[in-house]
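Numbering (our numbering), first residue to last: 89 to 661.
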């Protein structure tokens, strides 16, 4: 192998294994900070992973199975030095909804399908990353994403309330579950409710007054002590129960073709939402470190992370903004903190699981509810309504879609509505008639600048988009409408083409017909600030010859001056 090939191989390895870039530059002085950050995130992750397992509809132990190996793979492949991957409430709920349609909750089939959807998500992440398809996530606009997340907040909370109160939960959409809870309130198990509601109070108090204490782990420990010393198990409080200390069982989740078909829709939704969340977390970390985040490599890194979660009997993982923030605030320097975190989770599985046998399910529900309430953001809808009402409507559509129709259907409604809005905007771009600003050679939209004066006989028309087939007819009809609305008869139309960066063949044909239609009314069609590449295309289509080379100008002022000279000549004749 020559030197050039060797260097290319090294560059390829560094591209796909970013750890090779930063690990050789690692300072031993950072190790203490990374160990502290890893331990801090571990203290938060252990109870939350067990709690989020409840959202996914699997036993708490599965939550811990999910954590360590994705952390190791992301440390090898991720471009963020501080981001933490792990279980996530939104994607866990989508997993639960998807799998629940195919298997009974708590069954062996349900557990296998939960791991299978993580495995499928991993494959999709890899495919999206290899083919550089990160742009697909752009089709979920921020209002839809945030409306969807706000809907998930309340769906998740309502799903945990029965565990909090010790009653049987209902099924169906948010409102049906709420009605079932209200109906069964008289059956509330008082001791369980005291443990659950008390856990929520402790969580809020710790976060408000003792923010440096790991609130979730502390609350879990206090609940375990209460159960142990007060003998609450004998009083009917439902507990995690005895858990055998062991490493996760490694196995390929075996599913049928029909089952794969059933989970693929949910897997695609998880990829889109999980990627958006991951990229947000990675960019938040990058703002502190100044590092560059490679969006496509992030997709690739999430592939093996989720494959590992599926193979180790866990559920899916994505980037966690809350855990990333904890790692950063704890002084974490690199992904060594995630490796430390993963090692301690493995040690927990091997040696500490018996300590959690007296942990009440009500406390795990309280941890989820408190985390969800922290995500609730009513002010976002208020601000969005003030800024842009159409996007406020999109957010509400996703929000109420989740509550009334379902999780996947809610995000689907929001995305479809966003795409319809995108198509409408692409086919109806901004148009304007320009006038001259007083005592200047500057031209502005006369509707936005009343002081701008139109030039009698000359209509300066601005079209704020490329000329493509969805908007070609709108260009024609909009221009004709502006001509009809002009306060003086139009003799020349001057197209300000500065913003037009594309003209397709449909539009070229439309322009040829438009020139003829305007010519019948003795109106000349001219152009200003047309890009050279588009001028060349119009030449090839014969449009420049049809319109006349003299009707193309480099600047608006040249077109205005030419019109003034022509108009003067016509008046003198």
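Built from N, CA and C at the ideal position, the CB exists for glycine as well.
Rounded to whole angstroms, what's the CA-CA distance from residue 330 to residue 440? Just pull it up for me.
-> 11 Å
Sort out for me which residues DSSP pairs residue 591 with in a bridge.
-> 555
Enumerate in chain order the residues of its own chain whose CB-to-CB distance from residue 364 is below 8 Å, with the five nearest sequence positions on each side excluded.
-> Answer for residue 364: 225, 228 and 233, listed in chain order.
Closest Cα partner of residue 199 within the set 147, 317, 155 and 302 = 147
Cβ-Cβ distance between residue 395 and residue 381 below 9 Å | no
Check whether the Cβ atoms of residue 623 and residue 640 lie closer than 9 Å to each other.
-> yes
Would you give the residue range spanned by the alpha helix (DSSP H) that residue 287 belongs to?
-> Note, residue 287: alpha helix (DSSP H), 278 to 297.
Proximal residues to residue 421 (C-beta, below 6 Å), its chain only, five neighbours per side dropped = Only 118, 121 and 122 meet the Cβ criterion.
Please classify residue 593: is it buried, with 16 or more other beta-carbons within 10 angstroms of its beta-carbon, or exposed?
-> exposed
Run through DSSP, which three-state label would residue 325 get?
-> coil
Cβ-Cβ distance between residue 283 and residue 315 below 9 Å = yes
Could you tell me which uninterrupted alpha helix (DSSP H) segments, each at least 4 residues in length, are contained entirely in the region 110 to 181, listed from first to last along the chain?
-> The region 110 to 181 contains these whole alpha helix (DSSP H) runs: 119 to 144, 148 to 154 and 156 to 165.
Does the distance from the CB of residue 558 to the CB of residue 514 come in under 9 Å?
-> For residue 558 and residue 514, yes; Cβs fall inside 9 Å.
For residue 304 versus residue 291, is the C-beta distance shorter than 9 Å?
-> yes
Straight-line CA distance for residue 272 to residue 173?
-> 38 Å
With a CB to CB cut of under 7 Å and the five nearest residues on each side skipped, what residues in its chain are close to residue 359?
-> 209, 212, 213 and 216
May I ask you to verify whether the region 387 to 402 touches the region 159 to 173, counting CB pairs closer than 8 Å and requiring at least 3?
-> The region 387 to 402 vs the region 159 to 173: in contact.
With 16 other CB atoms within 10 Å as the buried threshold, where does residue 107 fall?
-> buried
Please classify residue 194: does DSSP put it in a helix, a strand, or coil?
-> In the structure shown, residue 194 adopts coil according to DSSP, grouped into three states.
Candidates 103, 166, 442 and 490: closest to residue 76 by CA position | The structure shown does not extend to residue 76, since the chain spans only 89 to 661, so no value can be given for it.
Just the Cα atoms here: how many angstroms apart are residue 223 and residue 317?
-> 55 Å
Between which two residues does the alpha helix (DSSP H) harbouring residue 488 extend?
-> Note, residue 488: alpha helix (DSSP H), 477 to 492.
First and last residue of the uninterrupted alpha helix (DSSP H) at residue 440 = Where residue 440 is concerned, there is no enclosing alpha helix (DSSP H), given that its DSSP letter is neither H nor E.
Whose C-alpha, out of 502, 136 and 433, is nearest the C-alpha of residue 334?
-> 433
May I ask which residues mark the beginning and end of the beta strand (DSSP E) holding residue 540?
-> Per DSSP, residue 540 belongs to no beta strand (DSSP E) and is neither H nor E.
Secondary structure at residue 581, three-state DSSP: helix, strand or coil?
-> strand
Would you say residue 275 reaches chain C, if we count a Cβ-Cβ gap shorter than 9 Å as a contact?
-> This model lacks chain C altogether, as it is built from one protein chain only.
Please say whether residue 138 and residue 438 have beta carbons closer to each other than 9 Å?
-> Against a cut-off of 9 Å, the Cβ pair of residue 138 and residue 438 comes out as no contact.
Figure out for me which residue from 195, 236, 387 and 538 has the closest Cα to the Cα of residue 165.
-> Just measuring C-alpha positions, the residue of 195, 236, 387 and 538 sitting nearest residue 165 is 387.
Pick from 529, 450 and 466: whose alpha carbon is nearest that of residue 644?
-> 529
Own chain, CB closer than 6 Å to residue 487, minus 5 neighbours either side, in chain order = 235, 238 and 239
Would you call the region 537 to 555 and the region 576 to 583 touching, i.e. three or more CB-CB distances under 8 Å?
-> yes
Cβ-Cβ separation, residue 131 to residue 419 (assumed contact under 8 Å), whole Å = Their Cβ separation, rounded to whole angstroms, is 15 Å, which puts residue 419 and residue 131 out of contact at 8 Å.
How about the region 140 to 154 and the region 446 to 464: do they share at least three Cβ pairs that are nearer than 8 Å?
-> Yes: at least three Cβ pairs fall under 8 Å.
Is the CB-CB distance between residue 402 and residue 155 below 9 Å?
-> Between residue 402 and residue 155, the CB-CB gap stays under 9 Å.
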